[in-house]
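Trainee:
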Amino acid sequence: HMEEIGLSGLLIRVVGRVGAISLFEPLNRETLVVHFEKGLPDCEGIYKAINAETAYYARDRFPFINRESDMGVPGLREAKMRYHPHHMVEVWYAARDDLERLV
Numbered sequence: 849h850m851e852e853i854g855l856s857g858l859l860i861r862v863v864g865r866v867g868a869i870s871l872f873e874p875l876n877r878e879t880l881v882v883h884f885e886k887g888l889p890d891c892e893g894i895y896k897a898i899n900a901e902t903a904y905y906a907r908d909r910f911p912f913i914n915r916e917s918d919m920g921v922p923g924l925r926e927a928k929m930r931y932h933p934h935h936m937v938e939v940w941y942a943a944r945d946d947l948e949r950l951v
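Quick note: the numbering used here has the sequence shown finishing at residue 951, numbered continuously throughout.
(1) Would A868 pass as a contact of E885 if the rule is Cβ separation under 8 Å?
(2) Report yes or no: do three or more beta-carbon pairs, one from the region 871-887 and one from the region 902-918, lie closer than 8 Å?
(3) Where does E885 sit, in a helix, a strand or coil, going by DSSP?
(4) Does DSSP put G867 in a helix, a strand or coil?
(5) Count the other C-beta atoms from every protein chain shown that fall within 10 angstroms of the C-beta of G854, then say buried if there are 16 or more, exposed otherwise.
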């Protein structure tokens, strides 16, 4: 049902089993949003591989790739920064209690 909701994805097989997957969709004409990438923990370099394949897929259509929030997790932030991002979008968080006070 991915196509029905505008999603696309990639899969890497390693010795006949799924080694990694990537799920993404266009945000607009310039940006591809990668919702998630998952890989087998015992496959060294699998995250780098699925990341590279996703970028290769997007290369001719999207000048920007948005890898979504790293939620402040140090390892995810480090991995994201290794790709020397063009820019980082400022993220804002709101607690439910804060939102209820606004209504």
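Where a beta carbon is used, it is the ideal one built from N, C-alpha and C, also for glycine.
Mentor: The structure says:
(1) Yes.
(2) As far as the Cβ criterion goes, the region 871-887 touches the region 902-918, which means the pair count is three or higher.
(3) DSSP places E885 in strand when its eight states are reduced to three.
(4) DSSP places G867 in strand when its eight states are reduced to three.
(5) Its Cβ having fewer than 16 others within 10 Å, G854 is exposed.
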